[in-house]
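Going by UniProt numbering, the sequence shown wraps up at 87, each residue one higher than the last.
Glycine included, every Cβ here is placed at the ideal spot set by N, Cα and C.
Only a predicted model underlies this, so the values are computations on that prediction, with no experimental measurement involved.
Since the structure comes first, as structure tokens, the remarks are kept for the end.
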Amino acid sequence: MANASETLRLACEQLSQLTGQAPESVSSFQRTDDGWRLTVEVVELSRIPDTTSLLASYEVELDEEGELTGYRRVRRYERGKADDRSR
């Protein structure tokens, strides 16, 4: 198995190939019983000004070898908006 940074890179590459969107950052990364689970932030719609761009959070699952086994969009938001913690 590759190191953590290599695993993150491979996950982002695979997600990009499947969605056609370039990942911007990884906001969470954890080991699971079956491999890895990541949350990856992706710009889905670039706007001007950049603070109004539409981003999405994807939950990505990888097996022990770092192969993507599943993903799903869990959140969509404008870059300039803070999380509403009351929900």
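Sort the options by Cα distance to residue i and report the nearest one.
i, options, result
"R75", "E65, V60, D33", "V60"
"V42", "E67, G20, D63", "G20"
"A4", "S46, R79, A56, L62", "L62"
According to DSSP, simplified to helix, strand and coil, what is residue i?
i, result
"R47", "coil"
"S53", "coil"
"R9", "helix"
Using DSSP bridges, identify the partner residues of residue i.
i, result
"S28", "T39"
"G70", "E61"
"R79", "DSSP, once it has assigned bridges, lists no residue as partnering R79."
With C-beta atoms as the reference, is residue i less than 8 Å away from residue j?
i, j, result
"L10", "Y58", "no"
"Y77", "L55", "yes"
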